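In the numbering used here, the protein residues as written are 12 to 365.
Laid out in C-alpha cells, this is it:
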C-alpha cells in the first residue's frame, strides 16, 4: 500500500473486483479514436500533421510513430459519462473528441508559454515545428472541438457548446493564475497559499476533466443534476491529478514521467508540495524559503521540501480530493458499472507511477 492509498481510503473501504483501468482506457480510446482522427483530418494537411505529432500518431514529416499516443483519460471520462447516464457509449463519442481536442490545444500552448522542450519523452511541438506552427495547430484544434459539437444535430447541442466554452474559460483563468504565480514571492503576505493553488488547479486541470464527464452525460440525455455531479467529481479529480503531477515533478522517474527531475524547482514554479512545505512549522521550512529566495540548488530544495512535510502533505491533499470525487459520484443516480469504471480511472490517474 502506498502513502496515497492510506491517505485516500479508510480501512475496509477499498473497492473489490475493481476493473482494470488500462482496459477501460483502451476500450474508450477504441471507440473515440477513429472519430478523433477523422476530426483532425479535416484540418489543413500540414496542420493535421502537426496535430498528429502532438497526439503521438506520427513523427516530424508525417511518418507513422511507434510510441504511445497517450492514455486518453478525458475521452474515457466522456464515454463513461454517457454510459453512467444510461446511454450507449457511442453517445459520448462527440464529447470525447471535443475534450481531447481542447486538451491537446491547451498542451500545445502551455508548452509554448512554459518553454518546455520535452513532453512524453520527445520534443514538444514548438521545438519540433516552431512556435508559430504550434500556436496555429493549437488554434485549429480548438476550432475543431467546437465544430465537432456544433456540426451534428442534437437536442443538447447548444448546451454542449456552452459547457465546453465555460470549461475553456475556467482553463484560461487557471492558466493565467499559474503564470502569475511565478512572479509572486516565496514568503510574505503576497506569497501563494495552498488555497490559491487549489483554485488554480481546478481551473487549469479540473475544469476539462469535469466537463468531459458531464458533457458525455448531457449528450447521453442526463438531467442537469446528474451532469453537475459528474462535473464536480472531475474537478476534484483534476486537483488531485495536478498535485500528483507536482509530486512526480519533484520525485518521479524521468524515464517514466518524460520530464526532467526537479524541473519545476529550477523554473521556480509554485507547486503544491513546495507551498505546503513553506506553510509548515518545521525548521526545514525556513531553510527552504531562504534557499528558494536565493535560487539555490534544486536537489537540496527537494530534500528540504520533503523534510518539511511537503511530500506527505501533497499526497494527503490528493487523497482528500480523490475521496471528494468519489463522494460526488454518490449524489446522482448513475449506472453502477460505468461508475466502477470511473472510480478505477480516478485511482489509476492519481496513483500513476507513485
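Positions of the beta carbon are idealized from the N, C-alpha and C atoms, including for glycine. Quantities reported herein were computed from a predicted structural model and do not represent experimental measurements.
C-alpha distance - residue i paired with residue j, whole-angstrom precision
{"i": "residue 32", "j": "residue 123", "result": "31 Å"}
{"i": "residue 204", "j": "residue 160", "result": "38 Å"}
{"i": "residue 172", "j": "residue 307", "result": "47 Å"}
{"i": "residue 320", "j": "residue 310", "result": "16 Å"}
{"i": "residue 1", "j": "residue 297", "result": "Past the edges of the chain, shown from 12 to 365, lies residue 1, and the structure says nothing about it."}
{"i": "residue 263", "j": "residue 100", "result": "35 Å"}
{"i": "residue 108", "j": "residue 43", "result": "7 Å"}
{"i": "residue 330", "j": "residue 255", "result": "10 Å"}
{"i": "residue 184", "j": "residue 240", "result": "22 Å"}
{"i": "residue 377", "j": "residue 352", "result": "There is no way to answer for residue 377, as the model of the chain reaches only from 12 to 365."}
{"i": "residue 235", "j": "residue 167", "result": "11 Å"}
Beta-bridge pairing of residue i - partner residues as DSSP gives them
{"i": "residue 134", "result": "129"}
{"i": "residue 69", "result": "75"}
Proximity to residue i [Cα-Cα], best of the options
{"i": "residue 344", "options": "38, 195, 95 and 301", "result": "95"}
{"i": "residue 76", "options": "133, 208 and 118", "result": "133"}
{"i": "residue 361", "options": "47, 217, 65 and 150", "result": "217"}
{"i": "residue 223", "options": "47, 104 and 49", "result": "104"}
{"i": "residue 147", "options": "50, 119, 287 and 244", "result": "119"}
{"i": "residue 92", "options": "338, 245, 55 and 228", "result": "228"}
{"i": "residue 193", "options": "63, 304, 41 and 352", "result": "304"}
{"i": "residue 85", "options": "325, 99, 226 and 59", "result": "226"}
{"i": "residue 276", "options": "340, 258 and 241", "result": "258"}
{"i": "residue 186", "options": "208, 166 and 197", "result": "208"}
{"i": "residue 295", "options": "302, 318 and 273", "result": "318"}
{"i": "residue 114", "options": "221, 270 and 198", "result": "221"}
{"i": "residue 250", "options": "167, 290, 219 and 271", "result": "219"}
{"i": "residue 366", "options": "197, 232 and 313", "result": "Outside the shown range of the chain (12 to 365) lies residue 366, about which nothing can therefore be said."}
{"i": "residue 174", "options": "162, 137, 110 and 197", "result": "110"}
{"i": "residue 293", "options": "324, 87 and 350", "result": "324"}
{"i": "residue 69", "options": "88, 48 and 87", "result": "48"}
Chain-order list of residues whose beta-carbon lies under 7 Å from that of residue i (same chain, five-residue window excluded)
{"i": "residue 135", "result": "122, 127, 128 and 129"}
{"i": "residue 316", "result": "261, 284, 285, 288, 299 and 322"}
{"i": "residue 139", "result": "64 and 71"}
Exposure label - residue i; buried when at least 16 CB within 10 Å
{"i": "residue 57", "result": "exposed"}
{"i": "residue 72", "result": "exposed"}
{"i": "residue 65", "result": "buried"}
{"i": "residue 177", "result": "exposed"}
{"i": "residue 34", "result": "exposed"}
{"i": "residue 237", "result": "buried"}
{"i": "residue 328", "result": "buried"}
{"i": "residue 347", "result": "exposed"}
{"i": "residue 359", "result": "buried"}
{"i": "residue 247", "result": "buried"}
{"i": "residue 55", "result": "exposed"}
{"i": "residue 51", "result": "buried"}
{"i": "residue 21", "result": "Residue placement at residue 21 is poorly supported in this model, since its pLDDT is 37, which falls under 50; the coordinates still yield a value, given next. Label assigned to residue 21: exposed."}
{"i": "residue 164", "result": "exposed"}
{"i": "residue 267", "result": "exposed"}
Cβ-based neighbour list, residue i, same chain, cut-off 6 Å, excluding 5 preceding and 5 following
{"i": "residue 144", "result": "61"}
{"i": "residue 112", "result": "152, 155 and 156"}
{"i": "residue 41", "result": "none"}
{"i": "residue 243", "result": "339"}
Cutoff 8 Å; reference residue i; Cβ partners in own chain excluding five residues on either side
{"i": "residue 253", "result": "212, 215, 216, 217 and 283"}
{"i": "residue 190", "result": "124"}
{"i": "residue 195", "result": "201, 202, 203 and 281"}
{"i": "residue 81", "result": "66, 67 and 131"}
{"i": "residue 150", "result": "116"}
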